[in-house]
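Trainee:
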Amino acid sequence: MSSHDHQSATTVAQKPDTKAIWFTFWILLGVTAVEFLIAFTSDSKPFRIITFILLTFVKAYFIVANFMHLRHEVKTLIWSVVVPIAFIAWLVAALIFEGGSILGSHPIK
Amino acid sequence: MASHSVSTSNVNLWGGGVEPMKASYGKLMMWFFLMSDTFTFSALLITYGLIRFSHPAYTGPMDHAVFSQEYWPLPDMVFNGLPFLHGVHLPLVFVGIMTFILIMSSVTMVLAVEAGHRMDRNDVQKWMLWTILGGIAFLACQAWEWTHLIMGSETGQMVDGKIFHGANLVRNEYGPPAFADLFFFITGFHGTHVLSGVVLNIIIFYNTVVGVYDRTGHYEMVEKVGLYWHFVDLVWVFVFTFFYLI
Chain L
676 MSSHDHQSAT TVAQKPDTKA IWFTFWILLG VTAVEFLIAF TSDSKPFRII
726 TFILLTFVKA YFIVANFMHL RHEVKTLIWS VVVPIAFIAW LVAALIFEGG
776 SILGSHPIK
Chain Y
117 MASHSVSTSN VNLWGGGVEP MKASYGKLMM WFFLMSDTFT FSALLITYGL
167 IRFSHPAYTG PMDHAVFSQE YWPLPDMVFN GLPFLHGVHL PLVFVGIMTF
217 ILIMSSVTMV LAVEAGHRMD RNDVQKWMLW TILGGIAFLA CQAWEWTHLI
267 MGSETGQMVD GKIFHGANLV RNEYGPPAFA DLFFFITGFH GTHVLSGVVL
317 NIIIFYNTVV GVYDRTGHYE MVEKVGLYWH FVDLVWVFVF TFFYLI
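Heads up: the sequence lines are chains L and Y, in that order. For what it's worth, this note's numbering labels the leading residue of the first sequence as 676, then goes sequentially. For what it's worth, this note's numbering labels the leading residue of the second sequence as 117, then goes sequentially.
1) Can you tell me the Cα-Cα spacing of residue 320/Y and residue 338/Y, whole angstroms?
2) By a C-beta neighbour count over all protein chains shown, 10 Å radius and 16 as the cutoff for buried, is residue 168/Y buried or exposed?
3) Return the CA-CA distance between residue 273/Y and residue 353/Y, expressed in angstroms with no decimal places.
4) So what does DSSP say about residue 314/Y, is it helix, strand or coil?
5) What beta strand (DSSP E) runs, 3 residues minimum, are completely inside the stretch 254 to 300 of chain Y?
6) Looking at C-beta atoms only, is the number of pairs between the stretch 307 to 320 of chain Y and the stretch 194 to 210 of chain Y that lie closer than 8 Å three or more?
7) Considering only the beta carbon of each residue, do residue 734/L and residue 706/L sit closer than 8 Å?
8) Which bits of chain L does residue 316/Y rub up against, with CB to CB less than 9 Å?
9) So residue 722/L contacts chain Y; which residues on that side make the cut at Cβ distance below 9 Å?
10) Indicate whether at least one CB of chain Y lies closer than 8 Å to the CB of residue 714/L.
11) Determine the DSSP secondary structure at residue 246/Y, reduced to helix, strand or coil.
12) Residue 130/Y: buried (16+ other C-beta within 10 angstroms of its C-beta) or exposed?
13) Which class does residue 173/Y belong to by DSSP, given the choice of helix, strand or coil?
14) Alpha carbon to alpha carbon, how far is residue 190/Y from residue 769/L? Give it in angstroms, no decimals.
15) May I ask you to list, following chain order, the residues of the stretch 244 to 263 of chain Y that have a beta carbon less than 8 Å from some beta carbon of chain L?
16) Just confirm the distance between the C-beta atoms of residue 158/Y and residue 763/L, as a whole number of angstroms; I'd bet it's less than 8 Å.
17) For the stretch 224 to 242 of chain Y against the stretch 314 to 333 of chain Y, do three or more pairs of beta-carbon atoms, one drawn from each stretch, fall closer than 8 Å, so that the two count as touching?
18) Could you list which residues in chain Y have their beta carbon closer than 7 Å to that of residue 775/L, in chain order?
19) Quick one: what does DSSP say residue 130/Y is sitting in, helix, strand or coil?
20) Using a C-beta cutoff of 8 Å, does residue 761/L count as contacting chain Y?
21) Given a cut-off of 8 Å on the beta-carbon distance, is the pair residue 150/Y and residue 343/Y in contact?
22) Please list the partners that residue 740/L has in chain Y, where partner means a Cβ-to-Cβ separation under 7 Å.
23) If the cut is a Cβ gap below 9 Å, which residues of chain L does residue 139/Y touch?
24) Does any residue of chain C have a CB that is nearer than 8 Å to the CB of residue 727/L?
25) Going along chain Y in order, which residues have a C-beta closer than 8 Å to the C-beta of residue 709/L?
26) Can you give the beta carbon distance from residue 760/L to residue 154/Y, rounded, assuming they're within the 8 Å contact cut?
27) Using a cut-off of 9 Å between C-beta atoms, extract the partners of residue 286/Y located in chain L.
28) Taking buried to mean at least 16 other C-beta atoms within 10 Å of its own C-beta, is residue 340/Y buried or exposed?
29) At a Cβ threshold of 8 Å, is residue 230/Y touching chain L?
30) Chain L beta carbons: is any one of them nearer than 8 Å to that of residue 325/Y?
31) In chain Y, which residues lie less than 8 Å from residue 767/L when you measure between Cβ atoms?
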């Protein structure tokens with residue numbers, strides 16, 4: 676909000692500053708390309724699953740930090756968003772293992 | 117952002133009259149809404165993870181995989197179509213295009229926000245329009261993808277004693293019915309979010325064109341809807357990983 680206060684309609688002549696935006700775009704595109712490469716070349720299941728989940732979090736970081744500007748917010752706001760997400764990440768991992776053990780004991784038909 | 121103003125009034129930081137988060141009410145509430153939406157999507161994806169790994173995985177050779185009710189299907193084999201190229205095996209190509217469209221529309225959205233900071237109405241209009249087009253293109257792809265899965269292959273698969281083509285909520289030629297159920301539910305829920313995002317973007321575009329934000333003196337609405345739009349892109353990144361890659 677404070678960033679708008681000192682701006683007015685008279686400052687139209689400003690040059691667009693889009694370097695950081697396109698930098699993030701190339702990272703996202705690059706990571707997706709790497710994911711495709713792994714999807715077509717690797718047959719190792721555990722390696723694929725772990726790499727894909729890690730790369731997804733890399734992409735998530737760049738989208739949230741740069742596109743959603745969370746990097747430029749105050750620490751309190753950053754932590755109130757990140758901490759709950761950490762619990763979710765744990766729950767995802769926990770229940771994937773849980774699924775494996777359901778399969779081991781009594782498979783769903 | 118400058119933080120020196122916070123330290124001077126540390127005692128009354130939460131006593132009202134100051135902004136501890138240094139974000140406007142609207143942006144803060146959008147963040148909190150997105151957090152709650154994160155929980156909903158996480159619940160769906162966690163359910164997917166649990167059910168997917170409680171089914172046997174396919175273990176045979178990757179290139180000659182056959183569909184069976186016995187194990188979870190390989191996504192490469194299910195999502196292998198491309199419009200106008202019927203019968204050609206092109207795994208993950210179409211979903212790659214969809215991912216690219218959504219990332220691209222996310223970029224045009226940030227460019228609209230950036231133009232809003234400069235109070236440049238023409239640029240905001242231009243980038244909002246591209247974002248809307250990207251959203252509509254993505255929804256169209258989604259519709260094709262659903263049709264592809266619902267219609268199924270020509271050969272079909274023996275389900276409940278007779279040949280069945282495609283997938284619905286109770287029968288699925290590609291594998292366990294839960295696979296199709298979760299696919300329709302999760303991509304459907306995400307698609308609904310994209311649809312509402314497109315509607316919001318159109319409203320913002322209209323307001324920009326008629327000059328509402330020039331009159332209010334700032335383009336913060338573009339930022340708020342931008343947050344939502346990036347969130348939808350973010351969810352797709354996760355759906356893409358869990359449904360198509362793993």
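Backbone N, C-alpha and C fix where the C-beta goes; we use that ideal spot for every residue, glycine too.
Mentor: According to the structure shown:
1) Residue 320/Y and residue 338/Y have their C-alpha atoms spaced approximately 7 Å apart.
2) Buried, because 16 or more other Cβ atoms sit within 10 Å of the Cβ of residue 168/Y.
3) In this structure, the straight-line span from the alpha carbon of residue 273/Y to that of residue 353/Y is close to 31 Å.
4) Note: residue 314/Y maps to helix in three-state DSSP.
5) Runs of the beta strand (DSSP E) inside the stretch 254 to 300 of chain Y: 273 to 275, 278 to 280.
6) Put simply, the stretch 307 to 320 of chain Y does not touch the stretch 194 to 210 of chain Y. Fewer than three CB pairs are less than 8 Å apart.
7) For residue 734/L and residue 706/L, yes; Cβs fall inside 8 Å.
8) Within chain L, no residue comes near residue 316/Y; the closest Cβ sits about 16 Å away, beyond 9 Å.
9) Here the premise fails: no neighbours, minimum Cβ distance about 12 Å.
10) Chain Y, which has a Cβ nearer than 8 Å to the Cβ of residue 714/L, makes this yes.
11) Here residue 246/Y carries a helix assignment [DSSP, helix/strand/coil].
12) The Cβ neighbour count for residue 130/Y, taken over all protein chains shown within 10 Å, is under 16; the residue is labelled exposed.
13) Residue 173/Y carries a strand assignment under DSSP once its states are collapsed to helix, strand and coil.
14) If you take the alpha carbons of residue 769/L and residue 190/Y, they lie about 23 Å apart.
15) Those residues of the stretch 244 to 263 of chain Y that come within reach of chain L (Cβ to Cβ, closer than 8 Å) do not exist; the list is empty.
16) Contact between residue 158/Y and residue 763/L holds, since their C-beta atoms are separated by about 5 Å, short of 8 Å.
17) Because the criterion of three Cβ pairs below 8 Å is met, the stretch 224 to 242 of chain Y and the stretch 314 to 333 of chain Y touch.
18) Going along chain Y in sequence order, the residues near residue 775/L (Cβ under 7 Å) are 169.
19) Coil at residue 130/Y, not helix or strand.
20) Under the Cβ distance rule, residue 761/L does not count among the residues neighbouring chain Y, no pair being separated by less than 8 Å.
21) Remark: C-beta atoms of residue 150/Y and residue 343/Y approach each other more closely than 8 Å.
22) For residue 740/L, there are no C-beta contacts with chain Y under 7 Å, since the nearest C-beta of that chain is about 11 Å from it.
23) The answer, in chain order, is 676, 748, 749, 752.
24) Protein chains L and Y are contained in the structure displayed, whereas chain C is not.
25) Neighbours of residue 709/L on chain Y: none; closest Cβ ~11 Å, over 8 Å.
26) Indeed, because the Cβ distance is near 7 Å, the residues count as touching under 8 Å.
27) Against chain L, a Cβ distance below 9 Å from residue 286/Y picks out nothing, because the smallest value is about 14 Å.
28) Only buried fits residue 340/Y, as 16 or more other CB atoms lie within 10 angstroms of its CB.
29) So yes, residue 230/Y belongs to the interface.
30) No, residue 325/Y does not count as interfacial toward chain L.
31) Residues of chain Y passing the Cβ test: 158, 161, 162, 165.
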